[in-house]
Each structure stands twice: as C-alpha cells, then as structure tokens.
Amino acid sequence: MIFAILLLFAAAVRSQTQSCEGSSDCICIPQPSSYQVACPKSPYSDSMFTADYQRNNSFQIQCKNSGDIDFNLMKGLNIGPIKFFGLKFCPLPNITFKELMASMQITQASKIDFKSYSDLDDTLNPDLFEGLETVTQLSLNNNGLTKLPDNLFDSMPGLTSISLWNNRLKTLPRFIFSRTPYLQVLELGQNQLINLEPGVFKNLSHIRLLNLWSNQLINLSRAVFADVPNLENLDLASNGLKTLPPDIFADLTKLSALNLNHNEFTHLPYGLFYGTPSLERLRLNFNRKTLKTLPDFFLANLTLLSEVTMTQCNISSIPRNLFWNSKNILHVSFEGNQLKQLPEDLFRDSKELLTVDFSKNKIESLPDFLFESTPKIKDIKLSHNNLHTISRLTFRGLSLLNTLDLEWNRLNSIDGDAFIDLGSLTRIQLSNNKLAFMDKLYEIFGPTSSPLQYCKKLEIILLANNSIETIFQDWQLLTTLRILDLSRNKIKNISKEDLLFVSNDVTVNLNDNEISTVNFRHIEQFALLQLNSSTGVNYKNEKKSINVKIGNNPIICDCFIYDLIRYYEGTLTPEVRFLFSIDLGETRCAGPNGMQHLKVATLNSKILTCSWDQIGNISHPCPQHCACAFRVHDNAMIMDCSNGDLDRFPDSIPSVSGLMKTELNLSNNKLRKLPTDDVFIKHNITKIDVSYNQIGNIDQILFPQSLQVLRLDHNNLSKVSEQTLHRWERLELSQVTLHGNHWKCDCEAAPLLNFIQAHYTKIPNYENVTCWPSNTPIKKLKTSNLCPLDLLIYGCISIAILGVLSGFIAAVYYRYQREIKVWLFAHQLCLWFVTEEELDKDKKYDAFVSYSSLDKAFVEDILVPQLESGPNPFKLCVHYRDWPVGEFITDSIIRSVDNSRRTLIILSKNFIESDWSKLEFQAAHKRALSEGRARVIIVLFGDIGPKDNLDEDVKTYLSTNTYVEWGDPWFWQKLRYALPHPPELRKKVPGELRDKNIRRVTTEKLDLVHKSNGTVNMESTPPANSITMNPFNSLNGVVTNDASLIQCK
C-alpha cells in the first residue's frame, strides 16, 4: 500500500515538472506567471539553489547556503534576453557576472542586483563587473561592505543608478564616481559615513536624487554639494545634525524635496533656503532635540513651496512671516509641537492652502481671522490642544472646508454662528471636550438646533465624551448623515421621536450615556405612520435605515421599554424592524428594585411595570404603605402592600378606568382578617396574595368571580367551611395555596380533604398542607381518620380541667385585680388585659394639659419632658407651645379638649383660684359626661386646702372619680396607665381581646388609682412651692398668661 502511494506521488511530481531547456541538471517547475528552476533536479534532495524566472523580464537566483556553490549546474540553460539579473543569499561568484550570465545564455540584462546578506568587508573585486558596459542599474545592498575600490565602477560607464544601502561604509574614495558621468540616482543610506570630501560628487552633473540618510554626517558644508547643481531630491535624515551652515544649499537651485527628519537641530540659520527657489517639499519631523522657534521669513518667498511638515520638533513659537509670499503652499503640518498660540496673519499669502494640521500642541485660542485668506482650505486638524471656545469669526469664509477635527480639547462653548459658512463640511470631530450646546436659545426653545445647523452636508458627526443631554433636531434633518457618535455623554432619556432621522442607513451611537428611560411605547403605530408618509419605500427589500446603539446605559426596566423588549423578542410588526436596528449590547437593568443587573435584551416583556406616579392622569392615589404599579402587557394594576407591617387591610383599592384586571399582594404583614364587604367584588381582581399573615378565618370573605390566584399559605387558618369551598369551585381559580397553616383535622375538615384531593393540580405544595400540631400531611388521610371516637373522650376531659383552672384564675383576679393590672402595665405584660382600642384614633393629641401658669415650673420642666420621652412617649397639647395666636380663649379651650383623648388637670391651689382653669375643667368634664367615658385625669399637686372651698364641679368629680397624687411612689406608672396607650403597645394586643374588652377597659382603667373617699390626703404630696424653678425659662422667649388669646390647632 505504501509503495503504491510513493508511485502515485512520484507520478504527480513528474507531471508538474520538466527538464529545463539546455540543462540536464536542473528542473523547471511551472508557476502561474513564471518558472521555478531547481538545481540539482532530484525532487528528493535539497537543491543548492533555486531561481525564479519570468520570461523576458527577470532571473533571480536564491542560494540555500553561503558555502561553495556550483553555478556550473545551470550551465546550458537557455534563458534568453531579460532586464534583471540577481543573486540573493549567495557568495561572490568565482567568475565574472558577465561569464555567469553567458553560461545560461542571458542577454541584454540592464540591472544587476547582488545581496549576500553577509559581511563582505573589503573583498569586492572590480573584476567581477568586467564587460558590463550596458548595465545601467547596480544594486549592492545588504553586503556588509566596509571599503570600496576606487575603480569599482570603471567597467560600467553607463550606470544611471547605484544603490549601496545598508552596508558599513565609513568613507568614500574621492574619485569613485569619476567614471559614471550619467549617474542620476545615488543611494548611500544606512551606512556609517562620517565625512564626505569636497569633490567626491565631481562629474555627477546629472544626478537628481541623493540619499544620505542614517549616517553620521554632522559636519556638512556647501562644497560637498557644489558639484551637483541639478540635484532635485536630497535626504539628510537621521544624521545627528545640530545645525546647518546658512549657505549649505546655495548651489542647489533645482532642489525640490528636502528631508531633514530625525536629526538633533537646536536652531536653524536665517536665510537657509535663499538659494533654493525650486523647493517644493520640506520634511523636518521627529527632531530629537528642542527646536524652540524658527527664524523670521524661514520659508518665505518660496513661490513653488507646496508642502511643509514639522511634526514633533518641540517648537513653541513660529514667526508671523513664516510663509509670507509663498503663495502656493498646499499642506502645512506642525503636529505634536508645543505651540500655545498662532499669529493672526500666519497665512496671509497662503491663498492655495488645502490642509492644516496643528494637532497635539498646547493652543489655547484661535485668532478670529486666522483663516481669512485661505478660502480653498478643505481639512483643518486642531485636535489635542487646550482650546476653550470657538468664536463666530474663527472659520468665517471657509465655504469649501470638508473636514474639521477639534477632538481632545477643552471646548465648552461654540458660538451658534461659528459654522455659518461651512456649508460643504462633511465630517466634524468634536469628541472628548466639554460641550453641551446649552445656550440661551436652548433654554427658551429647547433642543431645536445646535451650532451645526448650517452644515447641511454633514456625513459624520463625532461628539463622544462631552456633556450633551439631548439629540438636536438639526442633526435629525441631515439627509446625508451616516454616523452620529454621542457615546459617553449625559443623555438621560430617549424616545422613538429622538431617533427619527431623515437620512437613510444612519448609525447613532448612544453607548455609555446616562440613559435611564427608553420610551418606545406605541412604536408600531409610529413606524407604520412614518413609512406610509414616505412614498416608494419597500421595507421588505431595502436596508434598515436607523441603527441605534444604546449599550452600557443605566436603563430602568419599566413599562416604557415594553416595546423595546418586544423588538428583541421579535413580536413587533416588520415595519419597526425595517425602520430601526437596535443594539443593546450587554446592557443590564439599573432598576427598579428586584431587576437590577438583569440583561435588558433577554427580559420578558410580560413582567415590565411602571410605578403609579409614572403613569400620569391617576386620580386615585395608592394607599399608604403600598406600592401601586401598572403592567402594560395585560393592562393590569398591581397593588403591592407586602412587608409593610400592616395590621389591617388598606382603606381602599384604587379604581382606574381602562384597567383589565387588578392584582393584590398583601403578603408578609400582620393581618388578622380580611374585609367581609364587597371590596373585592367591586374590582376585577385576578390575584390575591395574603400569605405570611395571621388570618384566622376566611368563611365570610366575598371573592370576585374573576379571581384566578389565591395565596393563603402561612397564616393561622384552622378550618374552612364547606360553603366556602363550594364558592371557590365556582370561581376561575387556577392556583390556591394552603400550606403553612394550623389546619384542625377533625370531622369538620372532611370537605377540605375532599377539595384538596379533587383539585390538587391547582394547589402548589399540596403535599405540605398538614394537620396541626401533628404535622401529618392531609393528603395521606381518609375521611374516616378525621373523626375517631377516643378524640371526643379526651376532648371532654380537657374541657373539664380547663373549666376548673379558669374558675381558680378568675377568683384570684377578682380579689387582686387592681394590683395585677398596675403591675402588668408597668412591666408591659399581657397588655390585652389593660389596653383600650383606638376609640379616639382621629384625635391629634393624647392629652391636653390644663394648669395654672403659676405651676409652669412643674409642668414645663418635669411633667411634660417626662411624658414626652421614654420608650412610649405621649403627644401633649400645652398652651405655651401648641396654641398659636388667633382666637378667643374660650374657643381655644373647647378646641383643645375636642382634639385630645384626655384632659390632664393639674389640680393645685393656683388652679382653683384661676377662672380660666375652671373653664377648662368644665369643658373637659362636660365632654366626658356627653360621651359616657372617663376623659378627665386629675393630678393632685400640692395642698389645695379645705374641700368645701372647691368649685362644685371639681368637688363632685373628686367624690366620684379617681386622681393621682404627686409624690406617690407609683405616680408615673399610674399616670402613664391612665393616659391613652400608644400604638406601639396596642399592636401587641390580640385583636379579638381588644374587641371584647375595649369598653370594659375604658371605664375601668382609672380604678387602679386611689378612689376618693370625700377627703383629700395631703400628707404624701410635696408642696408646690418646694419645686425648684428653672431660672432660664424666662430667657427662651416663652411668656405664659392665663388670659392669652390662643388656641390649639
């Protein structure tokens, strides 16, 4: 098998090769446009050399090694006439070039190229070139030559071009070119020449190009170039030149191109180019030293000069007359220097100027009329400078300007008319500045136009990394626009109207902005309207017209991007996909909560919502402690009241016309019951989630017919009636959750068991619906397991024991009820036993403090601070703080009593003697009698004297009600208990106990303090005048008077 493969391979090789004509030692392999010659011809041996042969044109030999080469192998080849003969990677032949070519019958070769890529040093023998009178071009590059014989070129008098590039020559024999009178091109670049003797170029009157680049010629003189008056192109780059003699070019009247790149100039002489009237191109780039400035008139009066490039020379200033009277300059570049300003009349005579490059300098401002005399200019580059503003006159008159580059400056202002004459501008680069285009017109009329409004032919606008906040309308109206780059700006919102461009196939880059809102709502109707308004548009065949990139923006994933996500889902009409091509990249949601970091392009449009305040025109506010949202996919309202610590159902459910359905989420709260009225029936509610609450009964709840999802898991449900389950079966329920409750598995649970077994597919986690407290899964039970006989016996025994225990506890409580209540309240234990319901939930204050102004030290410095601080502070109404000046005092007293849950009377001798205080007591007492509840609390403060001296109403109240004495060890506990209990304590009271005991507690609370027996005990009460008055009270601006005309709000 292997032998057969070798035979096939040999046959293939033979079919593609043939013996070369005239030689039995070489083979010729045809190529697409030439022949590849290999010697020797065996395809299985390494050939000594190969040759590339192009008939009638060239024959180049490439040796495989630099050892001895037997060129006789090619003897007999019949090559014929060619123009070029070359040796590459070969040693010097042991015969002349003429003999070598004759052995292969090569004739008429006019160019010889020898590249050994080795160090020949001084071994080059002139005899090798014997008899080559017809050769016109000789190339000896890459040979490592260090020395040349004087008579090297004597046998080739017809040479017009000599190239000695990339050798190691340090000197040239003075008369080496004396026998080459027709030489026109001399390449001596990349050698080690240190000095050129005057006369070395003698007899080279026809030379046009002289390359001396990359040598070490630091001391050149006029005499070196005196013998080449017809020289047109001179390259002195990379020689380490620090300066030049003023007259070095005085004899080069035909010099048109000069290259001085990569030198070390520190200064240049005045009048350097006075003798070069034909100079057209000057290159002085990448100078390795600082060339601070240029001489006056340095390039003036050169009427043929067309191109000047002086990049990266560290030039910090240029003279105003630099180009004067050089009227044909076309291209000027001073890129990468240290220029801070430009002379206003720099281009005074440069009327033909086409391009200018002053980029990468330090220019801070541009003269108003810098380009006044350059009407033909097409390209201006001013990037990477320190420009701050562009005035209205800077670019005036440049009607032919095609491109303008102002990137990487510090521009913060461009005059609105700065580009008024730039009607031909097609490309403008303004990226990496501080532009916002927020002028006075913007503040008045909005984003109607920018300074680019006059540039009607713009194709490319680059404004990346600025401070732009909007897309201006004049950009949208450009018919030729192809690229608008607004990436890395401060655009916060975009809509479909912002992206409506007149131009076809435009790309708008909005990546890396601050876009949070993308409003593409109703984009289908919008696209259809736009396409219908354009005649002759075939969106099935033509290209998309507007390509939008909005990647890496902090997009809020709400209902406004609904149609944007549908675009990615492919569910929009084809008109939209024709009009817009949208690229979100890897953009991830920045909000709302719960959606951060999700990839926008992969979102499901069905989950997108907007908050209630985003919708607008909503007359029904969302209930307190809830968050309402609108879901656009199914036109639904979601009312989320979860995790709100709610202990009662919200007061209302917003009703908005046009909504298809409503979903309620009240999970994870403290709800004990749901409303039993028709609140659910009024709204088209499809989902109710009340999981993780404390709901104990749902039999009286009226659920709507539209209900599809009902989540009741993790509550306190123990049973559900058979009637309720029958109603559920008549609803459109697709999901009911019941796990995590305290289901009582008795005889009454049979309907529930049947319901679970019949509808288990609609009950997620039905296997976790368990009996309490046994934790037995209901699904494992049978109806017979729910009513065992022994359970009834144990139940009866338990009830008997519970009855005996309850009787004992009731007897103890009856005997010590007052002491127990006070102790429990002081320690905040079993507050259901001592707390009343929020009967006065709408009242502003917990208590109105009525006292004599003569007792203000006790009230203001002791009583009020103590009651308004601590873990459960009270809200008090005191006239010195809470009564604004306004009405008569009688009205103020009545308002204060009505707005307070209690009236706290500081009964003292001063109080008794005050008529206004008596009026306050009578108002509070009258209100208490009308409501049938204890609303007055008396604090006995100091000695009040004989009882008979008291007002009749006060005397009667003390005889039949309670009071608290100042000085009692339990004074503060009793007083706090008698006052309304704050909401924080009421939340700790089970709702059922509050309902049962509310009325009883309200009337019995004050029994915990001393009952009056008709006499007042004064012995334990410290005298009022024993309290230390605060000496700073009179400094705080508060002056209290019993007769003040003020009221509590």
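In full-length UniProt numbering, the protein residues as written are 1 to 1049.
Glycine residues also receive a C-beta, built at the ideal position from the N, C-alpha and C atoms.
None of these values were measured; they are calculated from a predicted model.
Q) Does the count of Cβ pairs from the stretch 460-473 and the stretch 550-564 closer than 8 Å reach three? A) Not touching, per the Cβ criterion.
Q: For the alpha helix (DSSP H) containing residue 581, list its first residue and its last residue.
A: Within the sequence shown, numbered from 1, the residue matching residue 581 stands at position 581. From DSSP, residue 581 is part of no alpha helix (DSSP H) but of the beta strand (DSSP E) over 580-583.
Q | Under 8 Å between C-beta atoms of residue 612 and residue 589 | A | Locating residue 612 in the sequence shown gives position 612, counting from the first residue. Locating residue 589 in the sequence shown gives position 589, counting from the first residue. A distance of 8 Å or more separates the beta carbons of residue 612 and residue 589.
Q: Along the beta strand (DSSP E) that carries residue 665, what are the first and last residues, could you check?
A: Taking the first residue of the sequence shown as position 1, residue 665 is located at position 665. Counting along the chain, the beta strand (DSSP E) containing residue 665 begins and ends at 661-665.
Q | Backbone secondary structure at residue 260 - three-state DSSP | A | The residue given as residue 260 occupies position 260 in the sequence shown. Coil at residue 260, not helix or strand.
Q: Tell me whether the beta-carbon of residue 293 lies closer than 8 Å to the beta-carbon of residue 326.
A: The count along the sequence shown starts at 1 and reaches residue 293 at position 293. The count along the sequence shown starts at 1 and reaches residue 326 at position 326. Between residue 293 and residue 326, the C-beta spacing is not below 8 Å.
Q) Between residue 763 and the rest of its own chain, which residues show a CB-CB distance below 8 Å, the 5 nearest in sequence each way excluded? A) Walking along the sequence shown from the start, residue 763 turns up at place 763. Closer than 8 Å at the Cβ level, and outside the excluded window around residue 763, lie 735, 736, 737, 738, 756, 769.
Q | Best match in 746, 806, 675 for proximity to residue 778 [C-alpha to C-alpha] | A | Along the sequence shown, read from residue 1 onward, the residue named residue 778 stands at position 778. Ranking 746, 806, 675 by CA distance to the CA of residue 778 puts 746 first.
Q) For residue 654 versus residue 641, is the C-beta distance shorter than 8 Å? A) The residue given as residue 654 occupies position 654 in the sequence shown. The residue given as residue 641 occupies position 641 in the sequence shown. Going by C-beta atoms, residue 654 is not nearer than 8 Å to residue 641.
Q) Buried or exposed: which applies to residue 476, given that a residue is buried once 16 or more other Cβ atoms fall within 10 Å of its Cβ? A) Locating residue 476 in the sequence shown gives position 476, counting from the first residue. Buried: at least 16 other Cβ atoms inside 10 Å.
Q. Between which two residues does the beta strand (DSSP E) carrying residue 59 extend?
A. Counting from one through the sequence shown, the residue named residue 59 turns up at place 59. Per DSSP, the unbroken beta strand (DSSP E) holding residue 59 starts and ends at 58-63.
Q: To the nearest angstrom, report how far apart residue 242 and residue 408 are at their CA atoms.
A: For this step, residue 242 is matched to residue 242 along the sequence shown. For this step, residue 408 is matched to residue 408 along the sequence shown. Put simply, the backbone Cα of residue 242 is about 33 Å away from that of residue 408.
Q.
Here's a check: name, in chain order, each residue in its chain whose Cβ is nearer than 8 Å to the Cβ of residue 272, leaving out the five neighbours to either side.
A. Residue 272 sits at position 272 when you count from the first residue of the sequence shown. Beyond the five residues adjoining it in sequence on each side, residue 272 comes within less than 8 Å, by CB distance, of 244, 246, 248, 249, 295, 298 in the same chain, given in chain order.
**Q.** DSSP bridge partner residues for residue 35 (one or two, in chain order)
**A.** Locating residue 35 in the sequence shown gives position 35, where the first residue counts as 1. DSSP lists 30, 53 as partners of residue 35.
Q | Best match in 752, 85, 361, 773 for proximity to residue 782 [C-alpha to C-alpha] | A | Reading the sequence shown from its first residue, position 782 is the one you call residue 782. Check the Cα spacing between residue 782 and each of 752, 85, 361, 773: the tightest is with 752.
Q: Could you pull out every residue in the same chain whose Cβ sits closer than 8 Å to the Cβ of residue 744, ignoring the five residues on either side in sequence?
A: As a first step, residue 744 must be located in the sequence shown, where it is residue number 744. Its chain contains 718, 719, 771, 772 as the residues whose beta carbon lies nearer than 8 Å to that of residue 744, once the 5 sequence neighbours on both sides are disregarded; these appear in chain order.
Q) Taking the Cβ atom as the reference point for each residue, do residue 420 and residue 404 lie within a distance shorter than 8 Å? A) The residue given as residue 420 occupies position 420 in the sequence shown. The residue given as residue 404 occupies position 404 in the sequence shown. In this structure, residue 404 does not lie closer than 8 Å to residue 420 by Cβ.
Q. Do residue 484 and residue 461 have their C-beta atoms within less than 8 Å of each other?
A. Within the sequence shown, numbered from 1, the residue matching residue 484 stands at position 484. Within the sequence shown, numbered from 1, the residue matching residue 461 stands at position 461. In contact: residue 484 and residue 461 (Cβ atoms closer than 8 Å).
Q: Determine which residues share a DSSP beta bridge with residue 743 and list them.
A: As a working note, residue 743 is residue 743 in the sequence shown. Paired residue(s): 771.
(Q) Could you check whether residue 564 and residue 582 sit closer than 8 Å to each other, using their CB atoms as the reference points? (A) One-based indexing of the sequence shown puts residue 582 at position 582. One-based indexing of the sequence shown puts residue 564 at position 564. A contact, by the Cβ cut-off of 8 Å.
Q: Can you tell me which of 121, 713, 227 puts its alpha carbon nearest to the alpha carbon of residue 765?
A: The residue labelled residue 765 in the question sits at position 765 within the sequence shown. Residue 765 has its Cα closest to that of 713, out of 121, 713, 227.
**Q.** Chain-order list of residues whose beta-carbon lies under 8 Å from that of residue 300 (same chain, five-residue window excluded)
**A.** Residue mapping note: residue 300 aligns to position 300 of the sequence shown, counting from 1. Once the five neighbours on either side are set aside, the close Cβ partners of residue 300 are 321, 322, 323, 324, 325, 326.
Q | Same chain only: Cβ atoms within 8 Å of residue 1109, ignoring 5 sequence neighbours per side | A | With the chain covering only 1 through 1049, there is no way to say anything about residue 1109.
Q | residue 978 beta carbon less than 8 Å from that of residue 937 | A | In the sequence shown, the residue the question calls residue 937 occupies position 937. In the sequence shown, the residue the question calls residue 978 occupies position 978. Yes, the Cβ-Cβ distance between residue 937 and residue 978 is below 8 Å.
Q) Of the residues 897, 969, 229, 287, which one's Cα is nearest the Cα of residue 276? A) Taking the sequence shown and counting its residues from 1, the one referred to as residue 276 is at position 276. If you compare the alpha carbons of 897, 969, 229, 287 with that of residue 276, the shortest gap goes to 229.
Q | Enclosing beta strand (DSSP E) for residue 637 [first to last residue] | A | Mapped onto the sequence shown, residue 637 falls at position 637. Element bounds for residue 637: 636-640.
Q. Exposed or buried, residue 429, counting other C-beta atoms within 10 Å across all chains shown (16 or more means buried)?
A. Position 429 of the sequence shown, counted from the first residue, corresponds to residue 429. The residue is buried, with at least 16 neighbouring Cβ atoms inside 10 Å.
(Q) What does the alpha-carbon distance come out to for the pair residue 233 and residue 224? (A) Stepping through the sequence shown from its first residue, residue 233 is reached at position 233. Stepping through the sequence shown from its first residue, residue 224 is reached at position 224. Straight-line Cα distance between these residues: approximately 15 Å.
**Q.** Minimum length 4: unbroken alpha helix (DSSP H) runs contained in the stretch 156-232
**A.** Runs of the alpha helix (DSSP H) inside the stretch 156-232: none found.
Q. Residue 702 and residue 688 look like a contact to me (Cβ under 8 Å); what is the Cβ gap, rounded to whole Å?
A. The sequence position of residue 702 within the sequence shown is 702, counting from 1. The sequence position of residue 688 within the sequence shown is 688, counting from 1. In this structure residue 702 is not in contact with residue 688, their Cβ atoms being roughly 12 Å apart against a cut-off of 8 Å.
Q. With DSSP run on the structure shown, which of helix, strand or coil describes residue 806?
A. Start at 1 with the first residue of the sequence shown, and residue 806 comes out as number 806. It is helical.
**Q.** Residue from 920, 307, 608, 785 with nearest C-alpha to residue 849
**A.** On the sequence shown, residue 849 is found 849 positions in, with the first residue counted as 1. Closest by alpha carbon: 920.
Q.
Among 731, 767, 784, whose alpha-carbon lies nearest the alpha-carbon of residue 749?
A. Translated into the one-based positions of the sequence shown, residue 749 becomes position 749. Among 731, 767, 784, the Cα nearest to that of residue 749 belongs to 784.
Q: Leaving out five residues on either side along the sequence, give the residues of the same chain with a beta carbon under 8 Å from the beta carbon of residue 776.
A: Reading the sequence shown from its first residue, position 776 is the one you call residue 776. These residues qualify, in order along the chain: 745, 770.
(Q) I need the straight-line Cα distance from residue 156 to residue 179, nearest angstrom please. (A) Along the sequence shown, read from residue 1 onward, the residue named residue 156 stands at position 156. Along the sequence shown, read from residue 1 onward, the residue named residue 179 stands at position 179. Taking the straight line joining both Cα atoms gives about 8 Å.
**Q.** Cβ shell of residue 1089 (< 6 Å), same chain only, five flanking positions each side left out
**A.** In this structure the chain extends from 1 to 1049, so residue 1089 is not present and cannot be described.
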